[in-house]
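Residue numbers (this note's numbering): 1402 to 1942. What follows is a short report on a single structure.
Laid out in structure tokens, this is it:
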């Protein structure tokens, strides 16, 4: 949203705590807070009960709607609305437009008993005259479906103190949501922010009864948290621990999981949760795609690389001795929860390798990513998980994740099965996958992609698509982030043979993604062999 629209708008039933919680949340965020009911009273120069009694509900709703529409178009703080405001057609339309424009409309959901008690204590509520509890329940039945459909963020405050509820609200406001859709895609959201893993039961829904929680040992702290969330929500959880990194992306590992799902009676009504780095989410998605021809799954990536790449886009797969990701399926998740709290436990080298995929997305499409990397390269390279949460860098990383996922979503929505446009996401990957295979997956993917991008830039420079400054920019940008830009291997024929196995290859012909200028990827069909080799010589220097 621009500076002339609210940071967020809060709706909810009478007694939900919209004013008190909203005011505390605004204080935490350092922004202004407006209660629309108070603004109506100021405009009317009388209390709402008096206005109702003198002029009637229609006049009140007209005044309320007019003031809310003004605030939606000229106020940049936190705004809380009266309980019935969204039921007015003009207000509802204005709120729908606000959401379509990228606004955050938050449905604050309190426990009904708590809300009714607060509503009774508050008094002065014209809509609750007579039997307040019976009237509240009636209004809830009318309003809840509308609020649920209209809001794009739901915050449950059941059993929370006002301070706890305000913290939940601030976390929801700071959350970034990328909606992924397309002609051949079941729509899903990628949610980025602190504590978004709390939303895991919500995304899974009520349909599955058994959950296979697939994760690696190093993320045990986060898998314990996810397991507790799932069990509290009533799911039966099977804990599936797999080997770390690429060792977990193999046919024997997948086969062991299939056997276990069969022994434990998993059906099409059950689900998979993949939690961990990119290898874990790739495997979890592949298992979900292949078990009974496809069951529901949710990814909870815990590394920067997984958040920006492997967990989104619906590409699932395993490795074979002949190459990386040669066996797999296109199968989209029900949702992706990129919880920034998990990044706080990452070692520096695991964090920085993810910047390889981030930089790639900037190079092929989003110069805003490149600007952020240039402006904050020193802080990103010096990433310290212990000091990450609450620091200025957290917001930078959050924006980088959002922008990178949006680049991926753009390409995926138009080309789920990698027939054309989506291949641009493989910039740098033709050599990168060869590096990973020849190094027996000891090289991390993001580092290999960085070298692959440097290689693709050299190739584009040799063939006249990029000038020297643009080629040098690749090396300087990637190097400034602590990423490698060179790789040495004695046997060129081995490298070439593996590049021929790349998924983009057609028949006997090599096929690369290169840049015809920063931000302008193109396909390069069957380039001259001497140019392909010369580019390789250059990245060994």
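Cβ coordinates follow ideal geometry from the N, Cα and C atoms, glycine included.
Practice problem: Measure the Cβ-Cβ separation of residue 1914 and residue 1827 and say whether it is below 8 Å. | Solution: Yes. Within cutoff.
Quiz item: Among 1788, 1794, 1785, 1787, which one has its Cα closest to the Cα of residue 1776?
Solution: Nearest to residue 1776 by alpha-carbon distance, out of 1788, 1794, 1785, 1787, is 1794.
Self-check item: Complete runs of the beta strand (DSSP E) confined to the segment 1690-1715 [at least 3 residues]
Solution: Segments of the beta strand (DSSP E) lying fully in the segment 1690-1715: 1697-1702.
Quiz item: Which residues in the same chain as residue 1783 place their Cβ atom closer than 8 Å to its Cβ, once the five residues preceding and following it in sequence are excluded?
Solution: Correct list, in chain order: 1749.
Self-check item: Residues bridged to residue 1880 (per DSSP)
Solution: Paired residue(s): none; residue 1880 is not in a bridge.
Quiz item: With a Cβ-Cβ cutoff of 8 Å, do residue 1622 and residue 1746 count as a contact?
Solution: Pairing residue 1622 with residue 1746 gives a Cβ-Cβ distance under 8 Å.
Self-check item: residue 1671 burial status per 10 Å Cβ neighbour count (16 or more: buried)
Solution: Buried, since its Cβ has 16 or more Cβ neighbours within 10 Å.
Quiz item: Between which two residues does the beta strand (DSSP E) harbouring residue 1909 extend?
Solution: Segment: none, residue 1909 is in no beta strand (DSSP E) and carries neither H nor E.
Quiz item: Counting along the chain, where does the beta strand (DSSP E) carrying residue 1594 start and finish?
Solution: Residues 1586-1594.
Quiz item: Residue range of the beta strand (DSSP E) that residue 1738 falls in?
Solution: Its beta strand (DSSP E) spans residues 1736-1740.
Quiz item: For the candidate residues 1898, 1909, 1922, 1884, whose alpha-carbon lies nearest to that of residue 1934?
Solution: Ranking the options by Cα distance to residue 1934, first place goes to 1898.
Practice problem: Inspect the beta-carbon positions of residue 1882 and residue 1781 and report whether they are closer than 8 Å. | Solution: The beta carbons of residue 1882 and residue 1781 sit closer together than 8 Å.
Exercise. Report the rounded CA-to-CA distance for residue 1462 versus residue 1489, giving the unit in angstroms.
Key: Cα to Cα, residue 1462 sits roughly 7 Å from residue 1489.
Practice problem: Could you please give me the residues that DSSP links to residue 1759 through a beta bridge? | Solution: DSSP lists no partner for residue 1759.
Quiz item: What runs of the alpha helix (DSSP H), each 4 residues or longer, lie entirely inside the segment 1593-1644?
Solution: Counting only runs of 4 or more, we get 1601-1605, 1621-1633.
Quiz item: Should residue 1893 be labelled buried (16 or more other beta-carbon atoms within 10 Å of its own) or exposed?
Solution: By the 10 Å Cβ count, residue 1893 comes out exposed.
Quiz item: Any idea if residue 1803 is buried or exposed, counting beta-carbon neighbours within 10 angstroms, 16 or more meaning buried?
Solution: Residue 1803 should be labelled buried.
Practice problem: Check whether the Cβ atoms of residue 1678 and residue 1756 sit closer than 8 Å, and answer yes or no. | Solution: The answer is no: Cβ separation not under 8 Å.
Exercise. Let me know if residue 1739 comes out buried or exposed under the rule of 16 or more other beta-carbons within 10 Å of its beta-carbon.
Key: Label assigned to residue 1739: buried.
Quiz item: At a cut of 8 Å, does the segment 1419-1433 reach the segment 1474-1490 through at least three beta carbon pairs?
Solution: Segments in contact, yes.
Quiz item: beta strand (DSSP E) containing residue 1731: first to last residue?
Solution: Residues 1724-1731.
Quiz item: How about the segment 1680-1688 and the segment 1572-1585: do they share at least three Cβ pairs that are nearer than 8 Å?
Solution: The segment 1680-1688 vs the segment 1572-1585: no contact.
Quiz item: Between which two residues does the beta strand (DSSP E) containing residue 1412 stretch?
Solution: Unbroken beta strand (DSSP E) run through residue 1412: 1409-1412.
Practice problem: Inspect the beta-carbon positions of residue 1486 and residue 1469 and report whether they are closer than 8 Å. | Solution: Closer than 8 Å, so yes.
Self-check item: Proximity to residue 1655 [Cα-Cα], best of 1916, 1864, 1407, 1691
Solution: That would be 1691, whose Cα lies nearest to the Cα of residue 1655.
Quiz prompt | Whole-angstrom distance between residue 1565 and residue 1510, CA atom to CA atom | solution = Straight across, the Cα-Cα distance linking residue 1510 with residue 1565 is about 14 Å.
Quiz item: How long is the line joining the alpha carbons of residue 1716 and residue 1758, rounded to whole angstroms?
Solution: Whole-angstrom Cα-Cα distance: 15 Å.
Practice problem: Look at the Cβ atom of residue 1493, then the Cβ atom of residue 1551, and state whether they are nearer than 8 Å. | Solution: Using a Cβ distance threshold of 8 Å, residue 1493 and residue 1551 count as a contacting pair.
Quiz item: Relative to the C-alpha of residue 1503, which residue among 1406, 1625, 1589 is closest?
Solution: Measuring from the Cα of residue 1503, the nearest candidate turns out to be 1406.
Quiz prompt | Short Cβ contact (8 Å threshold) for residue 1806 with residue 1713 | solution = In terms of Cβ geometry, residue 1806 and residue 1713 form a close pair [threshold 8 Å].
Quiz prompt | Option in 1771, 1938, 1895, 1857 with minimal Cα separation from residue 1917 | solution = Minimum Cα-Cα distance from residue 1917 among the listed residues 1771, 1938, 1895, 1857 corresponds to 1857.
Quiz item: From residue 1559 to residue 1542, what distance separates their C-alpha atoms?
Solution: Distance between the alpha carbons of residue 1559 and residue 1542: 18 Å.
Quiz item: Going by Cα to Cα distance, which pick from 1554, 1611, 1607 is closest to residue 1593?
Solution: A check of alpha carbon separations from residue 1593 across 1554, 1611, 1607 identifies 1554 as the nearest.
Self-check item: Distance CB(residue 1663)-CB(residue 1675) smaller than 8 Å
Solution: No; because the gap between Cβ atoms is not below 8 Å, this pair is not in contact.
Quiz item: With distances taken from CA atoms, which of 1699, 1941, 1650, 1422 is nearest residue 1352?
Solution: Nothing about residue 1352 can be read from this structure; the chain reaches only from 1402 to 1942.
Self-check item: Proximal residues to residue 1845 (C-beta, below 6 Å), its chain only, five neighbours per side dropped
Solution: Here residue 1845 has 1754 as same chain residues with Cβ atoms under 6 Å from its own Cβ, once five neighbours each way along the sequence are excluded.
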